[in-house]
Each structure stands twice: as C-alpha cells, then as structure tokens.
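What follows is a short report on a single structure.
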Amino acid sequence: MTVKAINNLDQPSRISYPAQSDGQVIPMMNQVITVDCNYIAPQVAAAYILIRQGRAVFIENNTSRAVPGMLRVLREQGLQPGDVEYAVVTHAHLDHAAGSRALIEACPNAQLLCHPRATRHLIDPTRLVQGTTEVYGADRFQELYGEVGPVPADRVRAVQDGETIDWHGELLEFYHTPGHASHHLVMVDRGSSSVFTGDAFGVAYPLLQRAGQLVLPSSPPTDFDAALSIESVTRIVALGCEHLYPTHFGRMPGTQQEALHDLCAGFRLFDEVVEDCTARLQAGTPVAEIEKACRAAVDDYVSERLRRRGLELSPAEWELLGLDRELNTKGLAFAAGRRLRKLTRP
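Heads up, the numbering used here is the position in the sequence shown plus 121, with the first residue counted as 1.
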C-alpha cells in the first residue's frame, strides 16, 4: 500500500525501548523522552524532551502539526510550556525545524538555539520554503510541512562550536558538525551521556534494525560534503557519550564503532559517485542522465546494505525509504554540479 503523510498525535501511548512497534511516545532513561512526530508515518521523525529539576529542553520540532502532541507529552510529564527553557534545532531542514514558530509561540520562556548559519532561515524562512516547494511542489510541501512561520529574532540564539550552557548544574555542549548541512550542530547532555545527532550520524529507522544495527548515510542537497561528513561522525563518536539519538529515529541500538565504520564506508562510496558524475558532467553528459546514475547508485547501495544484513523490506517499507533515497539522489547530483563549477571556475 502507499504510505501517506500522517501527523496525528492525538492518542499517544507509552512503551519501553526497544519495543517501538505500537507506541507514539517512548520514555527513555535519564529524563530523555522520545516523541514520535508521525511525520509521513510512525517512527520516522522524533523530537526529544530533556527534563531536569522541573525544567525542559526540546530538541527538534518537526512541523507545526507535531507541536500540539509534543506539548501534550510535556504536560504528561507534569510540566507546562512555561517550563521549557530552550528549544534546539540541529539544522534548518524542515523536518527538523518547520515547527519552530509554533513551538516558540507556545513556550513563552524558551530560547531557540541553533547554528549561526541557521539563524537567518529561522527568523525569515521565505527562501527555505521557496526552495523546498520547488523540490516537492506546493501540494506535497503542504502535506509534509504545513505552515512554516518566522521566529522573532529576539527569541533566536546562535551557539558557537564548543559552546556550553550550564543548565541547572549540568552542561549542555554544542558542536558544529557540517557535512549533511553546513549549518548542522549536535547537542551533548552529559547528565544523560547523550548526543542528539540530528542527521549528522545518519538515519536509523526502527524498521531497519530488525536484523541488527543498520544505519544509512544521508546526503541531501544543497550542502552535502562527504569529507566533512566523515569528520563529523568521527567527532561525534569521540565525544565519548553512551547514547546517540538521531532524529530518524530514537536511541540508536548497536555499537557506535560499527555504525561509524558503516557510515564512513557509505560516505566514501557516495564521494566516488560524485567524482564519477563530475567527470561525466565535464564530458557533456546531460544532467538528467547524471541524476539517473545517482538514483541507481543510491538504490544499489541501500539494497546491498539490506542484503548483507539479511533484511527484507515489504514494498510499503521500501517506499517509506523513498524520500531518503530521493534526497540522497538529488544531493549527490547537486554535489557533482558544485564540484564541476569549482573545477571550471576562472
């Protein structure tokens, strides 16, 4: 069957990790709560709530449709929107940050924390909305993201690489992790030994974990850089935290070293694809043919990873990966064009 966008958080239930099959709100250890935003389908995109001493931090906000459910989960923990002190977005891609305006409006005491290069997109998302609409079309954009509004400038705070915030006796640490996006950061909470990795450490949907750990790299337009991605995933593991929380989705199972090895191998393969497509573009190959080659490379890579893991996906599950495959395809093709422009620049 066709998987459609689902953003209904009206009836969440709690279950314990890792049994993530039928719940929408998944309590984690050490006051880390995972909220299933039901973006496209269940267990695709998460927001996290970090709780300490009656105060809260949101990490990610998905879309404006997800925000009411996020606030309901907050209240179920005995907290109110006024208890939220920070809302963090790892980067300004809309499946992570489209709900920023709605969340900040609902949480009067919260500051929105982001990478310095993301501030302009959050304060004025016009160009981001236009660019994303061009990729997906107006109808698909509305289906995925809904209303995307500006955040008042005085509610947005840029955090520098290595910056720390003393949050009720525990440090929140922020590190810039480019590669997936030039404006990407991760947040470390030493109190729970957790890194909230956004998309920098790939995607690890629960449906991919049935036969063991399987983490896939992400290479979207317009900033994807394989070398920077390898540096960032290496840096994330070197932070020495026990838990990784990618936005897609939930606490990562398995070992960090295995995931690091697989991600680096994937990024190196993607870089080879970009290099080959750059040469073909330079030789006059039409852009449409380059995009076809990137699509084939991405699909072959994912299929091979599934085969090696011994994991079979249903047609609906393969379609659920369609958005990631499409973004990776577009990102590799864009990277090839960008590399060619650099080579031929006077």
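Note that beta-carbon positions come from the ideal geometry of N, C-alpha and C, so glycine has one too.
- It is roughly 5 Å from the alpha-carbon of residue 323 to the alpha-carbon of residue 339.
- Secondary structure at residue 397: helix, using DSSP grouped into helix, strand and coil.
- For residue 279, same chain residues with a beta-carbon under 6 Å away, outside a window of 5 residues either side, are 237, 240 in chain order.
- Less than 8 Å divides the Cβ of residue 415 from the Cβ of residue 453.
- Residue 186 carries a coil assignment under DSSP once its states are collapsed to helix, strand and coil.
- Excluding its 5 nearest sequence neighbours in each direction, residue 395 has C-beta neighbours in its own chain below 8 Å: 347, 453, 456, 457, 460, listed in chain order.
- Taken atom to atom, the span from the alpha-carbon of residue 431 to that of residue 406 is near 36 Å.
- Along the region 269-330, the beta strand (DSSP E) occurs as fully enclosed runs of 3 or more residues at 277-279, 285-288, 291-297, 306-310, 315-319, listed in sequence order.
- In terms of Cα proximity to residue 313, the closest of 170, 224, 376 is 170.
- Excluding sequence positions up to five before and after residue 268, its CB lies within less than 7 Å of the CB of 185, all in the same chain and listed in chain order.
- Around the C-beta of residue 181, 16 or more other C-beta atoms lie within 10 Å, and the residue is accordingly described as buried.
- DSSP places residue 222 outside any beta strand (DSSP E); the residue lies instead in the alpha helix (DSSP H), whose first and last residues are 221-227.
- Remark: C-beta atoms of residue 297 and residue 320 do not approach each other more closely than 8 Å.
- Counting along the chain, residue 157 sits inside the beta strand (DSSP E) bounded by residues 153-157.
- In this structure, residue 380 and residue 334 form a Cβ contact; the two beta carbons are roughly 6 Å apart against a cut-off of 8 Å.
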